[in-house]
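A.B. asks: First, the structure itself, so that you have it in front of you.
Residue numbers (this note's numbering): 113 to 265.
The structure is reproduced here in structure tokens:
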């Protein structure tokens, strides 16, 4: 059986809007949504087959404040659930953000990670968390430490 999935967005903004059994219903949602929009964020219809598993890997990527990307690796093997949270890491003086991304293609990981990094830097969250992390490391005398992202506001 085919279902019609209405999606919107690209890369880190990609998401499912609704799922329909009939293509006409999905087309109606797209038409109604497009009437209300005056920018290019139009929903699209994807056809998915029910019963066919679609494996989308969870990638792990480290990125520095200035956008230097480290290794990009698959974090969770097929079939595993992910319970990962993005977090800051200090490792022998290096500071970076470890981000987990679920997407189909390795080539898309860098773009998604960089979008998240830019938002975190712009909000002031990067500096706030690194300061918090350095204080924790100083207090505990650990060489390697991480802290989950928190908002300074």
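C-beta: ideal position from N, C-alpha, C; glycine also.
Give me the Cβ distance between residue 123 and residue 170, rounded to the nearest whole Å; I'm assuming they're in contact under 8 Å.
C.D. replies: Locating residue 123 in the chain shown gives position 11, counting from the first residue. Locating residue 170 in the chain shown gives position 58, counting from the first residue. Wrong, their Cβ atoms sit about 15 Å apart, outside the cutoff.
A.B. asks: DSSP three-state call for residue 220: helix, strand or coil?
C.D. replies: Position 108 of the chain shown holds residue 220. In this structure, residue 220 counts as helix in the three-state DSSP scheme.
A.B. asks: Measuring CB to CB, does residue 162 end up less than 8 Å from residue 115?
C.D. replies: Taking the chain shown and counting its residues from 1, the one referred to as residue 162 is at position 50. Taking the chain shown and counting its residues from 1, the one referred to as residue 115 is at position 3. For residue 162 and residue 115, yes; Cβs fall inside 8 Å.
A.B. asks: Alpha carbons only, please: which of 179, 155, 145, 215 is nearest the one belonging to residue 209?
C.D. replies: Locating residue 209 in the chain shown gives position 97, counting from the first residue. Nearest C-alpha to residue 209: 179.
A.B. asks: Does DSSP put residue 176 in a helix, in a strand, or in coil?
C.D. replies: By 1-based counting over the chain shown, the position of residue 176 is 64. Looking at residue 176 - three-state DSSP - the assignment turns out to be coil, as it is neither helix nor strand.
A.B. asks: Taking only the alpha-carbon atoms, compute the straight-line gap between residue 183 and residue 233 and give it to the nearest angstrom.
C.D. replies: Here the question's residue 183 lines up with position 71 in the chain shown. Here the question's residue 233 lines up with position 121 in the chain shown. So the alpha carbons of these two residues sit roughly 21 Å apart.
A.B. asks: Kindly indicate which residue of 206, 239, 219, 224 has the alpha-carbon position closest to the one of residue 125.
C.D. replies: For this step, residue 125 is matched to residue 13 along the chain shown. Selected option, being the one with the closest Cα: 224.
A.B. asks: What number of angstroms, rounded off, separates the C-alpha of residue 251 from the C-alpha of residue 229?
C.D. replies: The sequence position of residue 251 within the chain shown is 139, counting from 1. The sequence position of residue 229 within the chain shown is 117, counting from 1. Distance between the alpha carbons of residue 251 and residue 229 is about 27 Å.
A.B. asks: For residue 138, does the three-state DSSP call read helix, strand or coil?
C.D. replies: Against the chain shown, residue 138 aligns to sequence position 26. Three-state result, residue 138: helix.
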